[in-house]
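Q:
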Amino acid sequence: MSLIVQKYGGTSVASIPCMMHVARKIKATQTAGHDVVVVVSAMGDETDRLESLAYQITDSPTEREMDVLLSTGEQVSIALLSMALQSLGCAAKSYTGFQVGIHTDSAHTKARIEHIDENNIRADLAQGYVVVVAGFQGMDANGNITTLGRGGSDTTAVALAAALKADECQIYTDVDGVYTADPRIVSQARCLPRVTFDEMLEVASQGAQVLQIRAVEFAGKYRVPLRVLSTFKEGAGTLVTFEEKGMEQPIVSGVTYCREEARLIIRSVPDKPGIAGRILGPISEANIEVDMIIKNLGDDGNTDFTFTVHRRDFDRARAILEKINLELNAGGILSDAKIAKLSIVGVGIRSHAGIASTMFEVLGKEGINIQLISTSEIKVSVVVDEKYLELGVRTIHEAFRLHEEPHEEDYEHRLRA
Ligand code: ADP
Ligand code: ASP
Ligand code: MG
């Protein structure tokens with residue numbers, strides 16, 4: 049008998065009819081002879097609603113209480129889904145993260161899973177239960193409720209699949225797989241039958257919501273077979289695979305975007321060893337993650353230093369930088385919270401020099417100015433004005449003909465390389 053972990057996202061359980069549909073799918077999986085562990089998210093936009101309640105009270109809710117609040121959404125879902133399963137004659141038991149024993153560190157609102165007690169789950173499965181676990185939550189060593197960051201139910205599912213050595217972890221969502229671009233922006237985007245872990249890591253880290261990045265990291269580390277599929281449409285979805293020698297891979301697999309970026313520049317700082325640490329040290333001490341970093345060459349012994357952060361950290365980062373500006377007697381701060389990052393991802397980028405320049409050219413032809421550039425082996429990212437986000441994504445998608453099945457010349461032939 050095989051063991052399958054299925055995760056259903058917010059849209060998949062947004063209403064009671066959706067919940068019943070999900071229950072029927074789970075029952076069918078069990079009837080087909082599998083043990084099933086289900087991870088479920090809060091209903092629809094419930095997590096956003098809960099978050100907005102907190103912000104009606106204060107601009108800076110404590111993270112511990114935020115976790116207590118946000119974790120309630122998933123508790124509603126597990127109870128209702130278990131009832132839905134029971135109403136179909138399917139034995140089911142629900143567990144919060146705390147009850148099942150999902151142990152995390154104490155980093156409230158972005159905790160990391162450290163280990164999972166899987167004994168309860170195994171005992172229930174042995175008795176024929178479907179086990180329904182609340183996604184996105186755990187507890188720290190002191191018994192505090194923690195959450196895993198937005199989109200964290202994906203990570204719960206993959207971590208459970210790793211702990212239980214499941215045969216497959218299936219992420220059911222409102223799209224039928226991983227696309228060449230967000231189908232909400234590019235209507236011609238194509239569903240990919242498979243992507244490699246490396247590509248999926250970049251796609252997730254460059255903003256595509258479809259899988260939380262930590263879930264992909266976990267799946268890669270523990271070699272969890274991972275598939276993204278639609279709750280509402282039959283199909284094989286997208287399988288996340290490991291790159292193998294000789295495997296044909298498209299040079300460019302997809303385009304992603306991240307709307308939530310902000311850019312900060314501190315001008316005319318002394319161009320001396322240690323300056324980057326002097327500026328970014330206090331930023332990282334404030335638990336603010338920095339994405340792109342650019343230091344210009346100065347000609348008068350001074351330099352401009354530019355970096356980007358998540359937009360939610362913009363005000364805090366700016367306040368820290370204002371202080372550093374005074375301390376260093378620098379030339380002032382420039383900032384822009386209305387920027388977006390566009391990226392192309394593909395394993396062939398590392399061996400095809402023309403890819404980045406094609407991207408820059410087509411954006412230029414559309415009159416889209418590139419403010420910052422960063423590259424990795426399999427990714428090229430640019431920062432542009434937020435108003436060009438949709439146009440930029442569509443332009444790049446078209447330039448690389450991602451709506452078409454790849455042709456012979458679009459493949460990276462790793463054997464021949
Ligand atoms: P869930 O609530 O099921 O976790 P999410 O909203 O977190 O679902 O993720 C699914 C959404 O991710 C899709 O509706 C889609 O708009 C978005 N998305 C962004 N980029 C991609 C992509 N490359 N492929 C598929 N979906 C994407
Ligand atoms: N409900 C949480 C969120 O909206 C976790 C998840 O859906 O994965 O971010
Ligand atoms: Mg999600």
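Per this note's numbering, the very first residue in the sequence shown carries number 49; after that it's consecutive. Every residue gets a Cβ at the ideal spot worked out from N, C-alpha and C, and that includes glycine.
Hey, how far is the Cα of Arg-462 from the Cα of Thr-228?
A: Residue placement at Arg-462 cannot be trusted, given a pLDDT of 38 that sits under 50; the coordinates are not used to answer.
Q: Out of Glu-111, Glu-409, Val-61 and Ala-132, state which residue places its alpha-carbon closest to the alpha-carbon of Gly-121.
A: Checking every option, the nearest Cα to that of Gly-121 belongs to Val-61.
Q: Taking the continuous beta strand (DSSP E) assigned at Lys-75, which residues delimit it?
A: Looking at the DSSP string, Lys-75 is not in any beta strand (DSSP E); the run it does join, the alpha helix (DSSP H), is 64-79.
Q: Just confirm the distance between the C-beta atoms of Leu-118 and Thr-195, as a whole number of angstroms; I'd bet it's less than 8 Å.
A: Right, the Cβ-Cβ distance comes to about 5 Å (below 8 Å), so this counts as a contact.
Q: Which residues in the same chain as Pro-109 place their Cβ atom closer than 6 Å to its Cβ, once the five residues preceding and following it in sequence are excluded?
A: So the qualifying residues of the chain are Ala-102.
Q: When you compare the CB positions of Ser-391 and Asn-350, do they come within less than 8 Å of one another, or not?
A: Not a contact, by the Cβ cut-off of 8 Å.
Q: Run the proximity test for Ala-102: is its beta-carbon closer than 7 Å to any non-hydrogen atom belonging to ligand 1?
A: No, Cβ of Ala-102 sits at least 7 Å from all heavy atoms of ligand 1.
Q: Are three or more beta carbon pairs between the region 216-234 and the region 248-263 nearer than 8 Å?
A: Touching, yes.
Q: In the DSSP assignment, what residue or residues form a beta bridge with Leu-249?
A: None, per the DSSP bridge assignment.
Q: Take Glu-216 and list the residues in its own chain whose beta-carbon comes closer than 7 Å to its own, dropping the five residues that flank it on each side.
A: If we look at Glu-216 and ignore the five residues flanking it on each side, its Cβ neighbours are Ile-52, Pro-273 and Arg-275.
Q: For a quick check, are the C-beta atoms of Gln-104 and Val-178 less than 8 Å apart?
A: No, these two residues do not count as a Cβ contact at 8 Å.
Q: Do the CB positions of Gly-186 and Ala-214 come within less than 8 Å of each other?
A: Result no, Cβ atoms of Gly-186 and Ala-214 do not sit closer than 8 Å.
Q: Within the present structure, is the beta-carbon of Asp-202 separated from the nearest heavy atom of ligand 2 by less than 7 Å?
A: Result yes, Cβ under 7 Å from ligand 2.
Q: Report the rounded CA-to-CA distance for Ile-74 versus Met-131, giving the unit in angstroms.
A: Distance between the alpha carbons of Ile-74 and Met-131 is about 13 Å.
Q: Would you call the CB atoms of Val-428 and Met-407 closer than 8 Å?
A: Yes, these two residues count as a Cβ contact at 8 Å.
Q: Am I right that Leu-312 and Ile-381 are in contact with their C-beta atoms under 8 Å? What's the rounded C-beta distance?
A: At roughly 7 Å, the Cβ-Cβ gap stays under 8 Å, so Leu-312 and Ile-381 are in contact.
Q: For Asn-192, collect the residues of the same chain with a Cβ closer than 8 Å to its Cβ; drop the 5 residues on either side in sequence, then sort them by chain order.
A: Here the set comprises Arg-112, Asp-115, Ser-154 and His-156.
Q: Please confirm whether any heavy atom of ligand 2 lies closer than 7 Å to the CB of Ser-301.
A: Not so, every heavy atom of ligand 2 lies at least 7 Å from the Cβ.
Q: Between which two residues does the beta strand (DSSP E) holding Ala-310 run?
A: First-last of the beta strand (DSSP E) with Ala-310: 302-318.
Q: Taking Arg-271 as the reference, which of Asp-222, Glu-250 and Ala-209 has the closest Cα?
A: When only C-alpha atoms are compared, the closest one is Ala-209.
Q: Label His-445 either buried or exposed according to how many other C-beta atoms from any shown protein chain fall within 10 Å of its C-beta, with 16 as the threshold for buried.
A: His-445 is buried by the Cβ-count criterion.
Q: Taking the alpha-carbon positions, what's the Tyr-56 to Tyr-220 distance?
A: Their backbone Cα atoms lie some 5 Å apart in a straight line.
Q: Whole-angstrom Cβ separation of Arg-35 and Thr-286, contact assumed at under 8 Å?
A: No answer is possible for residue 35: the residues shown for the chain start at 49 and end at 465.
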